[in-house]
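S.K.: Please read through the structure below; I'll follow up with questions.
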Amino acid sequence: MRVIECTDLTKTYLRKNVLDKLSFSIEENKITGLIGRNGVGKTTLLKIIAGFIKETSGQVKVFSERPYNSLNVSINSIFVDDQMSFPPAIPLGEILTVAGNFYPNWDRELAKGLFDYFSFDPKSYHNRLSKGKTSTFNMIIGLASRCPLTIFDEPTTGMDAAVRKDFYRALLKDYIAYPRTIILSSHHLDEIEDLLEDVLLIKDGKKHFQMSISELKEWAIGLKGTTEEVLNFSDGKEILFKEYFGLNTMYAVVKNDFSEPLLNKAHLVGVEILPVQSSDLCVYLTSETKGGIDDVFNKR
Amino acid sequence: MSLTSVNLWETVKKQYFFKLKANIDAFSSLIGIQLLALLFSFGGVGSVGMGGGNFSINIKYYSADLVIGFTLIWAFVTAIVITTKPYRNHDFTFVTNRLSSSLSNILYLLTASIVGSITAILAGNLLKILAHILLDDQIYSFNTGLQELVMGIGVTILYVFFVTSIGYFIGTLVQESKLFIILIPVLFFGILFLEASMQKEPFLINVFKFYGMESTLFLFIIKVIVTVAVFFTAAISILNRMEVRR
Amino acid sequence: MQIADWIESEILNGHFESDGKVYSQYQLAEMYTINPATAAKGLNLLVDENILYKKRGLGMFVSGDAKEIIINKRKNQTLKRLVRELVLEANRLQISEIELIEMIKVANDQEAEQ
Amino acid sequence: MTVLTAILPLVILILIFGVFIFMVRLTRKFATPKVTHWLLFIYIGVLLLGTVFVPFIIDDSLSQKGMEKAIDTDRELSGLYTKLNEGEIDQIDAKYLMKESSFSNYQNQSIRVESSNNDSSQIFVERKANNDDTIEAFIFGNGLIIDGYDFSRKLKPYHLELMKNTLTINLPQQQDINLIITKADFPIRQFTGESIINPSFSTGDQVVYLRIPNHLELIAGNHVFLEFIEK
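Chains as they are written, first to last, in this note's numbering: chain A, 3 to 302; chain B, 713 to 958; chain C, 117 to 230; chain D, 350 to 580.
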């Protein structure tokens, strides 16, 4: 059963198409990573899915229903980001009770456990928490609510590495125990790579691609060797990224649709085959220019 | 994972209690305002001076009018405040849609009106006692019967609720576009000024006559309820179209 | 696919005897904090190479000749690749074939002593 | 309509009762009762206490009399003056009689009546049939009714003083009366018709009525205006 279906979804802000005919769908009980550059419309997309803002055109279906103003979508989904606002008059301890009243699948023990594990004080207030603590608290709410659709929009902002690790582990463990559809929008693809099952890459408001993480890992390869060797080996394939070292050694990333034997012969020609980190790959795929930051300096 | 179905009123009920818990401080400001009003109405709410042959009389009238007036202002402000962005966003952190958010707001405003009115009317008694103790003049009073007191509370609730509906409507307009912050006052004083210059009776007087002078209780109730319904439905329809947590 | 490699080495050093039960995808996910689907893919890879076989509803089991399959798989894939790189490196350093063979013998003797 | 006014208070009472229970249930639900709750409960407590305590401190004794405020004060006043003119003072309602005094064994033939009231004050004179050498003086006030409260007893009556052969009527010195009256709140006033702006009020003038022996001759002092009663 498809939890989310988007067809030709468009959203314009001040005459700028933040989302431009975006179409994709997300299966039930999968953890999907939503990847894209800053300001490419990830948050906008998520807010449309959560029913906070309206789509300009196109169609969005969450639980086969239009999310905007839908109570059904609201009770079965939760949107966690650092803008999550709680009434200032309610202390943290009570926010957990309030959340318990609202969410049917709320797990009080899990919430209390995480709450104490990250040493929160039930009497303190949400607006006085540090950035990292806020993200951690919001994450606890997101996890413990156990909504069939849980959306995390850059949940780890401000979290230190240890907390991030705990978060990923807690997320996975709870996901294994109670599988649900999770959307993780993040910039640290390298960290969350293992958590994800699918990756949805957004570029210029469109779906660049949507594939499983294992496919993504083998989607492209890195060629390292003398410049002409690398060039003729890649013979006309689109080079996603290139970098020059030393005199004439070059590193290029190309789509991996080489045949097996061809790959084995590569080293005979002095070209080294290297795996490409999926987070780097996403960076290359979504970069406007082909080169790296050095090009800026090299041009002068 | 199985989806849970939900019904509107169940959510409204939960949100209502959530709102009461979240906005409890509004009631402490209510107390503050009413005490302030008591202080002001210490010198009497109205006074009349008369003279006969060899005597002069001046009478000070005491009533809870000022306290009710201040409560009205408090209610108006509270109504506007809960339409602002932070308060609406609080709803959207949890389970809601725009309709349930508005309905729970209205229920909250009704509670605020009830609590505000009861305390305002009872504050009248507090005023009498304080005046008796501090001014040690003899206080003459029509001991209003229980029925009158209760009717007074009822009517005050209607008045306060009436004011909250206007506040809620204006608050929603302001949320719709910030322009209204300037537009509404300009419109309001503009008309007054215009009517004054044309020697026409200002519309405010007509409004006051329409509600304030209505002496048949039944008609008054109908008028207020209809107006309240109109303002709230208008506000709800605007809010329903409004994006949130942009 | 580290999961597949890890299971293969576990089979090689005898942690999973043949016909013994292997961890389920969820146990693997738990141990390595990875998505169960990724773990499942790793397991299915091994099933395709019939190193493991699936019993409906019971999970994954090591197939009888799992060890031999792994050995000659590694022999003609990983080992061959390593040898190729060895030879390439040797040419770059202008080491003759004899010298290379000599070095391999020395390494082999040291290994034998342990 | 009356049915409604009967039901409405009932409904409101239930409402108040409901709000109260709701408040109690609310606090039990709260994990950490906040300062606001205590504030709210103390305040409501004080208010309720006040409501219970108020009847004891306010003086609404006058208000019973005031209940007849429904009758027109002017009509009643004119009734007073006609009775005075006809000398039937004993039919005048006792509440108008402010003071009664008499001066016995006054042997002089004549008496001079003076008044310290600079504008003219009206004095009714009734000549008795016999000569009992006593002058009876009655002072009637048309009462001071404000907003239905009868404050007549607040007004000091004229003071009559008989020295040798002059009877002087001196007014009490300037008296200013401060009153505190509580009014129903405007939502209540709107339906009970009470208004705060122009309280109903009667002038509170005083009139002197003398009963003199038959043969006594009266001499009117300056700006004293004697009105003889023909019986």
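Each residue gets a CB set at the ideal place from its N, CA and C atoms; glycine is no exception.
If you follow the beta strand (DSSP E) that GLU566 (chain D) is in, where does it begin and where does it stop?
M.R.: Where GLU566 (chain D) is concerned, the enclosing beta strand (DSSP E) stretches over 566-569.
S.K.: Pull up the distance between the alpha-carbon of ALA164 (chain A) and that of LYS183 (chain C), whole angstroms please.
M.R.: Roughly 39 Å separates the two Cα atoms.
S.K.: Below 7 Å on C-beta distance, what does LYS49 (chain A) contact in chain B?
M.R.: Neighbours of LYS49 (chain A) on chain B, chain order: ARG957.
S.K.: Around the C-beta of SER309 (chain A), are 16 or more other C-beta atoms found within 10 angstroms, so that it is buried, or is it exposed?
M.R.: In this structure chain A extends from 3 to 302, so residue 309 (chain A) is not present and cannot be described.
S.K.: Only counting the same chain, and skipping five residues up and downstream in sequence, which positions put a Cβ closer than 7 Å to that of PRO152 (chain C)?
M.R.: Closer than 7 Å at the Cβ level, and outside the excluded window around PRO152 (chain C), lie GLN141, TYR142 and ALA145.
S.K.: Using beta-carbon positions only, say whether LEU249 (chain A) and TYR286 (chain A) come within less than 8 Å of one another.
M.R.: No. Outside cutoff.
S.K.: Can you confirm whether ASN151 (chain C), when its beta carbon is compared against all beta carbons of chain A, has any partner nearer than 8 Å?
M.R.: Yes, contact with chain A.
S.K.: Exposed or buried, VAL82 (chain A), counting other C-beta atoms within 10 Å across all chains shown (16 or more means buried)?
M.R.: Buried.
S.K.: Measuring straight from C-alpha to C-alpha, what distance separates GLN471 (chain D) and SER453 (chain D)?
M.R.: Spanning the two alpha carbons is a distance of roughly 23 Å.
S.K.: Using a Cβ cut-off of 8 Å, which residues of the segment 88-113 of chain A contact any Cβ in chain B, in chain order?
M.R.: Listed by position along the chain: PHE88, PRO89, ALA91, ILE92, GLU96, VAL100, ALA101, ASN103, PHE104, TYR105, PRO106 and ASN107.
S.K.: Rounded to a whole number of angstroms, what is the C-alpha to C-alpha distance between GLY95 (chain A) and LEU904 (chain B)?
M.R.: In a straight line, the C-alpha of GLY95 (chain A) is about 51 Å away from that of LEU904 (chain B).
S.K.: Would you mind telling me which residues of chain C sit closer than 7 Å to TYR170 (chain A), beta carbon to beta carbon, in chain order?
M.R.: Simply THR149.
S.K.: List the residues of chain C whose Cβ lies closer than 8 Å to the Cβ of GLU29 (chain A), in chain order.
M.R.: Near GLU29 (chain A) there are no residues of chain C at all, since even the closest Cβ is about 11 Å away, more than 8 Å.
S.K.: How would you list, in chain order, the residues of chain A whose beta-carbon sits under 7 Å from the beta-carbon of SER812 (chain B)?
M.R.: In chain order: LEU73.
S.K.: Could you say if the segment 131-148 of chain A and the segment 99-113 of chain A meet the contact criterion of at least three C-beta pairs nearer than 8 Å?
M.R.: As far as the Cβ criterion goes, the segment 131-148 of chain A touches the segment 99-113 of chain A, which means the pair count is three or higher.
S.K.: How is TYR223 (chain C) classed by DSSP in three states: helix, strand or coil?
M.R.: The residue you asked about is not Tyr; residue 223 (chain C) is Ala in the sequence shown. Correct three-state label for ALA223 (chain C): helix.
S.K.: Could you name the residues of chain A that SER889 (chain B) contacts, counting a contact when the two beta carbons are closer than 8 Å?
M.R.: Those within 8 Å of SER889 (chain B) in chain A number zero; the least Cβ separation is about 15 Å.
S.K.: What does DSSP give as the partner residue(s) for ASP368 (chain A) in the beta ladder?
M.R.: With chain A covering 3 to 302 only, the question about residue 368 (chain A) has no answer from this structure.
S.K.: Check whether the Cβ atoms of GLU926 (chain B) and LYS935 (chain B) sit closer than 8 Å, and answer yes or no.
M.R.: Closer than 8 Å, so yes.
S.K.: If you run the structure through DSSP and keep just helix, strand and coil, what is THR381 (chain D)?
M.R.: Legend: pLDDT at THR381 (chain D) = 49, less than 50; position of this residue unreliable, value from coordinates given subsequently. In the structure shown, THR381 (chain D) sits in coil (DSSP, three-state: anything other than H, G, I, E or B).
S.K.: Is it right to say HIS844 (chain B) is buried, meaning 16 or more other beta carbons lie within 10 angstroms of its own, or is it exposed?
M.R.: That one is buried.
S.K.: Looking at the secondary structure, which residues open and close the beta strand (DSSP E) in which MET205 (chain A) lies?
M.R.: In the sequence as displayed, the identity of residue 205 (chain A) is Lys instead of Met. Run containing LYS205 (chain A): 200-205, per the beta strand (DSSP E) assignment.
S.K.: For a test of the three-state rule: what should DSSP assign to ASP297 (chain A), helix, strand or coil?
M.R.: In this structure, ASP297 (chain A) counts as helix in the three-state DSSP scheme.
S.K.: Thinking C-beta only, is LEU11 (chain A) closer than 8 Å to LEU186 (chain A)?
M.R.: The answer is no: Cβ separation not under 8 Å.
S.K.: My assumption, with CB atoms under 8 Å, is that LEU742 (chain B) sits in contact with GLY828 (chain B). Please give the rounded CB distance.
M.R.: Confirmed, Cβ separation roughly 6 Å.
S.K.: Here's the rule: buried if 16 or more other CB atoms are within 10 angstroms of the residue's CB, otherwise exposed. What is THR381 (chain D)?
M.R.: Caution is warranted here: a pLDDT of 49 is assigned to THR381 (chain D), below 50, making its placement in the model unreliable, and no coordinate value can be reported.
S.K.: Return the chain-ordered list of same chain residues with a C-beta closer than 7 Å to the C-beta of LEU191 (chain A), the five sequence neighbours on each side being excluded.
M.R.: Same-chain partners within the cutoff: GLY35, ILE37, SER280, SER281 and CYS284.
S.K.: Could you check if PHE1009 (chain B) is buried or exposed, using at least 16 other CB atoms within 10 Å of its CB as the buried criterion?
M.R.: Since the first residue of chain B shown is 713 and the last is 958, residue 1009 (chain B) is not available in this structure.
S.K.: For my contact list, LEU838 (chain B) and LEU396 (chain D) are in at a C-beta cut-off of 8 Å; report their separation, rounded to the angstrom.
M.R.: Indeed, because the Cβ distance is near 6 Å, the residues count as touching under 8 Å.
S.K.: Starting from MET176 (chain C) and walking both ways along the beta strand (DSSP E), at which residues does that stretch end?
M.R.: Counting along the chain, the beta strand (DSSP E) containing MET176 (chain C) begins and ends at 175-178.
S.K.: Give a yes or no on whether 8 Å exceeds the smallest Cβ distance from VAL403 (chain D) to chain B.
M.R.: So yes, VAL403 (chain D) belongs to the interface.
S.K.: Any contact between the segment 160-172 of chain C and the segment 184-197 of chain C? By contact I mean 3 or more CB pairs, one from each, below 8 Å.
M.R.: These segments touch.
S.K.: If we define contact as Cβ-Cβ less than 8 Å, is SER216 (chain A) a contact residue for chain C?
M.R.: At least one chain C Cβ lies under 8 Å of SER216 (chain A).
S.K.: For CYS149 (chain A), which of helix, strand or coil comes out of DSSP?
M.R.: CYS149 (chain A) falls in the coil class under three-state DSSP.
S.K.: Report buried or exposed for GLY130 (chain C), applying the criterion of at least 16 other Cβ atoms within 10 angstroms of its Cβ.
M.R.: Exposed, since its Cβ has fewer than 16 Cβ neighbours within 10 Å.
S.K.: Identify each residue in the segment 60-86 of chain A for which the Cβ-Cβ distance to at least one residue of chain B is less than 7 Å, and report them in chain order.
M.R.: Residues passing the 7 Å Cβ filter: PHE65, ASN71, SER72, LEU73, ASN74, SER76, ILE77, ASN78, GLN85 and MET86.
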